[in-house]
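Peer 1: FYI, the numbering for the sequence shown is -18 to -1, 1 to 328, going by mature numbering (1 follows the signal peptide of the UniProt record, and there is no 0).
If you scroll down you'll find the structure; I have some questions about it.
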Amino acid sequence: MITRIFALALLGAAPAFAAEVLPLTAAQKQNLGVVTAPATTQAASPALTFPARVTLPPASVRVIAAAGAGLVTQLHVQAGDSVKRGAPLVTLSMPGLADAQNAVTQARLRAQLAAGNADRDEKLFGEGLIAESRLRAARTESQSARASLVAARAALALLGSGRVAGSAITLTAPIAGVVTESVAEPGQRVDAGTALVKVADLSKLALEIPMSTAQARQVAVGQSVTVADSTASGRVTAVLPQLDASQSVLVRASLTDPRSLLRPGQSVQAALAGAAVARTQRVPASALVWKINVPYVFVETAQGFVPTPVQLVRQNASEAEIGGLAAGSRVAVKGVSALKAQWLAE
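Printed below as a string of structure tokens:
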């Protein structure tokens, strides 16, 4: 009687498939290079590793730019320097800066004088010594002076925030971090908006993990991620909906690196932990064969090899997590192509 193997789907009963035994003697196994290995049974999905690249998330980077036309007079840092928040980065000479400061000073004095006059007239009007029209004029003058002061301060702020001394301004680091780029040089003239220095917080990194579309379907936002040979860890933050130029799906993950051993652009191995699911088996990816979009493995029995349909849970380049095999099953991991050719030829 021909042995029949029925595969059960991982998340519920699946249709049964009958499979013929492929009889194979020990000599035939050796000639075809067929090697078997046990399917490792596990109660929860293990972490599968994928090649990944360390990146800097946009929120970790600050760009320090010239707020107005000026001349670079001094660079205080270079790429690779660690800086604290408020540390000097670059000094610019800006001719319009002194005029803007003077305008703020003049506007502040006018505002103080107008406010004093308004307070005085409030008291005089209360004593009946001046007309109401004079009080309204004093109030209007005070409001106008305050508005002029606000406008002057805004004009000064547009020229940049930092340490101001005459017509020079020293731009400072908005965050603590590492200088990743410094494009300015002393003596260089710059326009408003010219990027001068980039500072990054390297304690907050990210991972970009390219996957095939089949692999990406096995990933969900919130899955935990670890990095091989590192204490860094994080979670999946996004699975991009579009394919990149290499026809891969890009998976992004946040990353915290307590020991600061990782660097942006570094290639690493990222391990994605699976969700706790029903009992599954772990086999080499080479054990899988496909027939009409259904994954199979060749299970070794006393009579020969049985092509058995399974449910693919997850897979990377070297391993596959499957469901539907009986405990203790041994599957072909080498010589699989020869078995498949014999199977399909029958």
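Even for Gly, the Cβ is constructed at its ideal location relative to N, Cα and C.
(1) My assumption, with CB atoms under 8 Å, is that residue 68 sits in contact with residue 152. Please give the rounded CB distance.
(2) CA-CA distance, residue 258 and residue 32?
(3) Does the Cβ of residue 274 have 16 or more other Cβ atoms within 10 Å, making it buried, or fewer, making it exposed?
(4) Helix or strand or just coil, what does DSSP make of residue 199?
(5) From residue 52 to residue 166, what does the alpha carbon distance come to, in whole angstroms?
(6) Restricting to Cα atoms, I'd like to know which of 185, 98, 4 and 84 is closest to residue 157.
(7) At what residues does the beta strand (DSSP E) containing residue 288 begin and finish?
(8) If you follow the alpha helix (DSSP H) that residue 4 is in, where does it begin and where does it stop?
(9) Judging by CA-CA distance, which residue of 248, 283 and 292 is the nearest neighbour of residue 262?
(10) Provide the residue span of the alpha helix (DSSP H) that contains residue 72, from first to last.
(11) Measure the Cβ-Cβ separation of residue 114 and residue 99 and say whether it is below 8 Å.
(12) Distance, Cα to Cα, residue 276 vs residue 231?
(13) With 8 Å set as the bound, which would you pick, yes or no: does the beta-carbon of residue 127 sit closer than that to a beta-carbon of chain B?
(14) By the three-class DSSP mapping on this structure, what secondary structure does residue -9 have?
(15) Excluding the five sequence neighbours on either side, which residues of its own chain have a C-beta within less than 8 Å of the C-beta of residue 88, listed in chain order?
(16) What would DSSP say about residue 146, mapped onto helix, strand or coil?
(17) If I follow the unbroken alpha helix (DSSP H) through residue 122, where does it start and stop?
(18) Which two residues bound the contiguous beta strand (DSSP E) that contains residue 271?
(19) Residue 172 by DSSP, collapsed to three states: which one?
(20) Tell whether a beta-carbon distance below 8 Å holds between residue 315 and residue 18.
(21) DSSP puts residue 303 in a beta bridge; with which residues?
(22) Helix, strand or coil, according to DSSP, for residue 227 in the structure here?
(23) Decide if residue 108 is buried, meaning its Cβ has at least 16 other Cβ atoms within 10 Å, or exposed.
(24) On the three-state DSSP scale, how would you describe residue 213?
(25) With a threshold of 7 Å on Cβ separation, who are the neighbours of residue 243 within its own chain once the five nearest residues in sequence on each side are excluded?
(26) Quick one, which of 79, 180 and 84 has its alpha-carbon nearest residue 149's?
(27) Drop a sphere of 10 angstroms on the beta-carbon of residue 310, count the other beta-carbons inside from all chains shown, and report buried for 16 or more, exposed for fewer.
(28) To which residues does DSSP link residue 238 through a beta bridge?
(29) Taking residue 216 as the reference, give the member of 234, 30, 229 and 125 with the closest Cα.
(30) So, with DSSP's three-state summary, where would you put residue 283?
(31) Below 7 Å CB to CB, which residues in the same chain sit around residue 182 once its five sequence neighbours on both sides are set aside?
Peer 2: According to the data block:
(1) At roughly 11 Å, the Cβ-Cβ gap does not stay under 8 Å, so residue 68 and residue 152 are not in contact.
(2) Residue confidence is low: residue 258 scores 46 on pLDDT, short of 50, so the model does not pin down where it sits. No coordinate-derived value is stated.
(3) Classification for residue 274: exposed.
(4) coil
(5) Rounded to the nearest angstrom, the two C-alpha atoms are 12 Å apart.
(6) 185
(7) Boundaries of the beta strand (DSSP E) harbouring residue 288: 287 to 291, taken from the DSSP string.
(8) No alpha helix (DSSP H) holds residue 4; DSSP gives it neither H nor E.
(9) The closest CA to that of residue 262, considering only 248, 283 and 292, is found on 292.
(10) Run containing residue 72: none in the alpha helix (DSSP H); it sits in the beta strand (DSSP E), 70 to 75.
(11) At a Cβ-Cβ threshold of 8 Å, residue 114 and residue 99 do not count as neighbours.
(12) 22 Å
(13) Protein chain content of the structure displayed is limited to a single chain, and chain B is not contained in it.
(14) Caution is warranted here: a pLDDT of 33 is assigned to residue -9, below 50, making its placement in the model unreliable, and no coordinate value can be reported.
(15) 134
(16) Three-state result, residue 146: strand.
(17) 114 to 139
(18) Start and end: 271 to 273.
(19) Looking at residue 172 - three-state DSSP - the assignment turns out to be strand.
(20) For residue 315 and residue 18, yes; Cβs fall inside 8 Å.
(21) 264 and 296
(22) coil
(23) exposed
(24) coil
(25) Exclusion of the five residues before and after residue 243 leaves 212 as the residues of its chain whose Cβ lies within less than 7 Å of its Cβ.
(26) 79
(27) In summary, residue 310 is exposed, with fewer than 16 beta-carbon neighbours lying within 10 Å of its beta-carbon over all protein chains present.
(28) 186 and 215
(29) 234
(30) coil
(31) So the list reads 38, 42, 43, 159, 160 and 162, once near-sequence residues are dropped.
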